[in-house]
Every structure is written in C-alpha cells, then in structure tokens.
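Novice:
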C-alpha cells in the first residue's frame, strides 16, 4: 500500500453566495477538495455547486447535503450541477444511500462517491452495511454545536476513526480543526482533513490553507 | 384533554421553485401547514420559505431542513425568512437541537418549534432527551426510498408512534400516505399527517387535499 498524504478540504459554510464564492476564490487553488457546505446549500441551493464547478473544473467538489431521504433525487440534482461527491447522514436508510450512490455515479461514473456523515449514535454493524452497499467514505465529526458546548477531540474519537479505517473506510475528519490540532492525528491514516472557518476566516485564507498543507506534509509526507 | 383533529400538512418536495410555488398556490388554502421540503430547499435555498410566507401569511410554514449541525445558524436563516418551525434530524446532538430551538424562538417566540425527524435507529432514551430539551414534536417517517424498496406502514410503526405520543410528543406521520391509508391510524392521536405527491401530483390537488381533510374529520372528528 502506498502511503497516502491526507487531502485538505475547505468547507464553505457561509450563509450567502457571495461570501462562499469569495472564500472559494481565495483558497480553492490551495486545497484538494472544495465543499459546498450545508448551511450555504440550504440558503442558496445547488447554484453554489454550479458556481464552484465552473470556478474549479479540476478540483473535487462535494455537496454536503447530509441527505437523509430522497437520495436519488438529491444526488442527481447536485451531480448535474457539478458535484463529484455528496454526503448522506448516517441515519439515512440503506435504500436512500444506495439510491444516492447510483444517481451520482450515473452522472460521474466511478468518480462519483457518497460519504457518510457520522453524527450521534451509529454502530459498526451499520457501518459494515454502508461498506456492503459500496460506500467507503465516512466523515467523522465533532459537531460545531458540541464544540461550542465545550467538547473536543479525544482518544475516544481517534479510536473510532482508526476502527473505521481498519474496516476499510477512507475517513475524513472535521470539527474545530486548526493547524495545531493536526498532530493529534499523527499515526492515523486520515484520508481528508476538513477545515472551514479555520481557513476561511483567517486573516490570509490562502496562507492558512498552505499552513495546513505544510503541517500535513510534515506529519504524513 | 380536548380531542385533537389531526392537522394536514403538504410537503413541497419539488426540485424547482416554480413547481413548488404552483403546488403551494393550488393547495395552500386547503391545508393547515405548508412544508418547504428538503429537496427544494437544497435546490433553491430559503427563498422558498420567504415566498411561502408571503403567499400564506396565516399558515404555519415549516422548513424541512433536517438540520444535523449548526442548528443556530440554520434556524435563524430560515426563521428570518418566515419559517415558524424547522426540522432537525434525530442524529443531531442535543446542543444542535437546543441551538436551533433557541434561534427559532428568538424570531418567533413560543410559536417557534423544532421537530425531530426520525430516521434510522433512534432510542426512546434519546427521545426523552429531546423532550428534556424542550422539543415536543417528532416526525415519524417511512423513508421515500424505503417505500420504493417495498416497505410499508405496519403494526411496528404504529406502536412506535403510540409510544412517542404516550411520552408526550405531538407526532406527525409521513411517507406514502394517501386517503386510503389514513384509517390505518384510527385510534391513534396523530398530531399531523404529512402528504406530498399524494396531494401535489393528484389530478386536482385542492380536491385531493379536501379528501384528506374529509377523511381525517370522518375518523377523528
């Protein structure tokens, strides 16, 4: 197995299209994956995906829909506007996830992927069903609201991430990440680090993205 | 306790604003609650909520965001555009749900409510935490994709609905409902029946809504 250097993904979680686009233009070239965030999708719709696709034809674009139902419709709606990947919430049913996967691959071929967003209580038995359904990306989250309530990354989180990786998932991690917290994950084969405000609200967002990339290369390179 | 006659809610799950508005205009006056559906919100954003609010100043408008995170931001974004209620997915954390409730009540006062969308595996222990957090509406779902895969309403579903009602929830039910399936719920104190295509795709949507209301009154009136 060749060593994987974790991707860097920027989440655009603005409540307005202009803010999201401004941030995307500032940092898009520095990152591997650009995420149309849930807050922004719910505010402005999938036009955001289309704008990002046009601005960054060669980047991976993720629509963070956290889809819970109507997987086929929502995946198609986003795929035709340029999303390579889309997220489903872990409490969605397997038929929803499968319908989403089928729809996104109808537009994107094998490059189309569904990522499962892990929130609340889920089990490894459920996770195995996602793998069985052909879904091998998961996103391990520290909820923004949980972080605001004082929770943070700990050994328990890292062990869950490791177990998912051992099961065969490519795991993204997100929630309250900054350059200094990356080293908490040293030795863990993280697939992608997702940062939002840690990059987009920095004084110099492009430089903040480069600092993330430098630290990722220092640890995993 | 005065007897409650279940509400009728229409879900606008169109992929385009025009289709959603056309359906809203056709049936809005006939129903109690108008839902800005997830599919449409993700396609066109919260402008949908604003249009519905302007069209129907006296109806309850629900933003079916199925919010999983950033509850405060998403609730505020929808409340300021006119949503009375908003949904959170059951796998959201309690801090997310609480932040959403606080934000929607900051705009709407006590009239602002959060509804928990029940998907996948949830527990009554979790449900008690929602009640403890001041959230007393839940939506029991048959997933559209699960219905397409051949599942339907059964005794197991009804017992879960009854148990939630016994706990103190006002429970909405949705998923594959038509006028003929309402009688399955006879004897159950359902708070709201939610129908989408069963109304909006009918040859005469307003008449379809009236038939739902007539059957509800026949059974619960």
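Chains as they are written, first to last, in my numbering: chain A, 362 to 582; chain B, 362 to 582.
Ideal placement from N, C-alpha and C gives every residue a C-beta, glycine not left out.
Predicted model, so just to flag it, every value in this text is computed and none were measured.
#1: Report back the beta-carbon spacing between residue 398 of chain A and residue 440 of chain A to the nearest angstrom; my notes put them in contact at under 8 Å.
#2: By DSSP, does residue 387 of chain A sit in helix, in strand, or in coil?
#3: Does the beta-carbon distance from residue 457 of chain A to residue 427 of chain A come in below 8 Å?
#4: Name the one or two DSSP bridge partners that residue 531 of chain B has.
#5: Does DSSP put residue 573 of chain B in a helix, a strand or coil?
#6: Determine whether the beta carbon atoms of residue 480 of chain A and residue 455 of chain A lie at a separation below 8 Å.
#7: Quick test of your reading: residue 478 of chain B and residue 502 of chain B, contact by CB under 8 Å. State the CB separation rounded to the nearest angstrom.
#8: Only counting the same chain, and skipping five residues up and downstream in sequence, which positions put a Cβ closer than 8 Å to that of residue 549 of chain B?
#9: According to DSSP, what are the bridge partners of residue 553 of chain A?
#10: Is residue 325 of chain B helix, strand or coil by DSSP?
#11: Report yes or no: is there a C-beta of chain B within less than 8 Å of the C-beta of residue 475 of chain A?
#12: Given this structure, state the Cα-to-Cα distance separating residue 546 of chain A from residue 582 of chain A, to the nearest angstrom.
#13: Could you check if residue 362 of chain B is buried or exposed, using at least 16 other CB atoms within 10 Å of its CB as the buried criterion?
#14: By a C-beta neighbour count over all protein chains shown, 10 Å radius and 16 as the cutoff for buried, is residue 347 of chain A buried or exposed?
#15: Below 9 Å on C-beta distance, what does residue 481 of chain A contact in chain B?
#16: Does DSSP put residue 362 of chain B in a helix, in a strand, or in coil?
#17: Figure out for me which residue from B:381, B:492 and B:483 has the closest Cα to the Cα of residue 590 of chain A.
#18: In angstroms with no decimal places, state the Cα-to-Cα distance between residue 490 of chain A and residue 443 of chain A.
#19: By the 10 Å Cβ neighbour count, where 16 or more other Cβ atoms means buried, how is residue 552 of chain A classified, buried or exposed?
#20: So residue 374 of chain A contacts chain B; which residues on that side make the cut at Cβ distance below 9 Å?
#21: Under 8 Å, with one C-beta from each stretch per pair, do the segment 382 to 394 of chain B and the segment 392 to 407 of chain A reach the 3-pair mark?
#22: I'd like the list of long-range same chain contacts for residue 433 of chain B, defined as Cβ closer than 6 Å, with 5 residues on each side in sequence excluded.
#23: Does the beta-carbon of residue 513 of chain A have 16 or more other beta-carbons within 10 angstroms, so that it is buried, or is it exposed?
#24: Report yes or no: is there a C-beta of chain A within less than 8 Å of the C-beta of residue 407 of chain B?
#25: Can you pull the chain B neighbours of residue 510 of chain A, defined as C-beta to C-beta under 7 Å?
#26: From A:534, A:467, A:469 and A:516, pick the residue whose C-alpha is nearest to that of residue 498 of chain A; which is it?
#27: To the nearest angstrom, how far is the alpha carbon of residue 511 of chain B from that of residue 517 of chain A?
#28: Quick one: what does DSSP say residue 451 of chain A is sitting in, helix, strand or coil?
#29: For the segment 382 to 409 of chain B, which residues have a beta carbon sitting closer than 9 Å to at least one beta carbon of chain A?
#30: Note down, in chain order, each residue of its chain lying with its Cβ closer than 8 Å to the Cβ of residue 388 of chain A, except the 5 sequence neighbours on either side.
#31: Return the residues of the segment 413 to 427 of chain A that lie within a Cβ-Cβ distance of less than 7 Å from chain B, sorted by chain order.
#32: Where do the N-terminal and C-terminal ends of the beta strand (DSSP E) with residue 476 of chain B fall, by residue?
Specialist: Working from what's here:
#1: Mapped onto the first chain, residue 398 of chain A falls at position 37. Mapped onto the first chain, residue 440 of chain A falls at position 79. With 8 Å as the limit, residue 398 of chain A and residue 440 of chain A do not qualify as a contact, their Cβ atoms being about 18 Å apart.
#2: Counting from 1 along the first chain, the entry for residue 387 of chain A is found at position 26. Assignment of residue 387 of chain A by DSSP, reduced to helix, strand and coil, places it in the helix class.
#3: The residue given as residue 457 of chain A occupies position 96 in the first chain. The residue given as residue 427 of chain A occupies position 66 in the first chain. No, they are not a contact pair.
#4: As a working note, residue 531 of chain B is residue 170 in the second chain. In DSSP, residue 531 of chain B forms a bridge with B:498.
#5: Indexing the second chain from 1 puts residue 573 of chain B at position 212. Residue 573 of chain B falls in the helix class under three-state DSSP.
#6: Position 119 of the first chain, counted from the first residue, corresponds to residue 480 of chain A. Position 94 of the first chain, counted from the first residue, corresponds to residue 455 of chain A. No, Cβ-Cβ distance for residue 480 of chain A and residue 455 of chain A is not below 8 Å.
#7: As a working note, residue 478 of chain B is residue 117 in the second chain. As a working note, residue 502 of chain B is residue 141 in the second chain. That belief holds up - the Cβ atoms of residue 478 of chain B and residue 502 of chain B are roughly 6 Å apart, short of 8 Å.
#8: Walking along the second chain from the start, residue 549 of chain B turns up at place 188. Excluding positions up to five away in sequence, the list reads 519, 522, 523 and 526.
#9: Taking the first residue of the first chain as 1, we reach residue 553 of chain A at position 192. According to DSSP, which records beta bridges pairwise, residue 553 of chain A is partnered with A:368 and A:533.
#10: Nothing in the structure corresponds to residue 325 of chain B, since chain B is present only between 362 and 582.
#11: The count along the first chain starts at 1 and reaches residue 475 of chain A at position 114. No, residue 475 of chain A lies away from the interface with chain B (no Cβ there is under 8 Å from its Cβ).
#12: Your numbering for residue 546 of chain A matches position 185 in the first chain. Your numbering for residue 582 of chain A matches position 221 in the first chain. Going from the Cα of residue 546 of chain A to the Cα of residue 582 of chain A covers about 14 Å.
#13: Along the second chain, one-based indexing puts residue 362 of chain B at 1. Note on residue 362 of chain B: pLDDT 48, under 50, position unreliable in the model; no value is reported.
#14: Here chain A comprises residues numbered 362 to 582, so residue 347 of chain A is not present and cannot be evaluated.
#15: Counting from 1 along the first chain, the entry for residue 481 of chain A is found at position 120. Chain B residues near residue 481 of chain A: 429, 450, 451, 452, 453, 454, 483 and 487.
#16: Walking along the second chain from the start, residue 362 of chain B turns up at place 1. Because residue 362 of chain B sits at a pLDDT of 48, beneath the cut-off of 50, its placement in the model cannot be relied upon, and the following sentence gives the value as read from the coordinates. Coil at residue 362 of chain B, not helix or strand.
#17: No statement about residue 590 of chain A is possible, as the shown extent of chain A runs from 362 to 582 and does not include it.
#18: Residue numbering aside, residue 490 of chain A sits at position 129 when the first chain is read from its first letter. Residue numbering aside, residue 443 of chain A sits at position 82 when the first chain is read from its first letter. Approximately 28 Å between the Cα atoms of the pair.
#19: Taking the first chain and counting its residues from 1, one reaches residue 552 of chain A at position 191. By the 10 Å Cβ count, residue 552 of chain A comes out buried.
#20: The residue given as residue 374 of chain A occupies position 13 in the first chain. Correct list: 431 and 434.
#21: no
#22: As a first step, residue 433 of chain B must be located in the second chain, where it is residue number 72. Hits under 6 Å: 460 and 464.
#23: Taking the first chain and counting its residues from 1, one reaches residue 513 of chain A at position 152. Residue 513 of chain A is exposed by the Cβ-count criterion.
#24: In the second chain, counting from the first residue as 1, residue 407 of chain B sits at position 46. Yes - at least one Cβ of chain A is within 8 Å of the one on residue 407 of chain B.
#25: In the first chain, residue 510 of chain A corresponds to position 149, counting from 1. Under the 7 Å cutoff, chain B gives 456.
#26: On the first chain, position 137 is the one that residue 498 of chain A refers to. Cα-wise, what sits closest to residue 498 of chain A is A:534.
#27: Along the second chain, one-based indexing puts residue 511 of chain B at 150. Along the first chain, one-based indexing puts residue 517 of chain A at 156. Between residue 511 of chain B and residue 517 of chain A, the C-alpha separation is close to 38 Å.
#28: Numbered from its first residue, the first chain carries residue 451 of chain A at position 90. Residue state, collapsed to three classes: coil.
#29: In summary, the residues of the segment 382 to 409 of chain B whose CB is separated from some CB of chain A by less than 9 Å are 398, 399, 400, 401, 402, 403, 404, 405, 406, 407, 408 and 409, in the order they occur in the chain.
#30: Here residue 388 of chain A refers to the residue found at position 27 of the first chain. Around residue 388 of chain A: 371, 560, 561, 566, 567, 569 and 570.
#31: 426 and 427
#32: Taking the first residue of the second chain as position 1, residue 476 of chain B is located at position 115. Counting along the chain, the beta strand (DSSP E) containing residue 476 of chain B begins and ends at 474 to 479.
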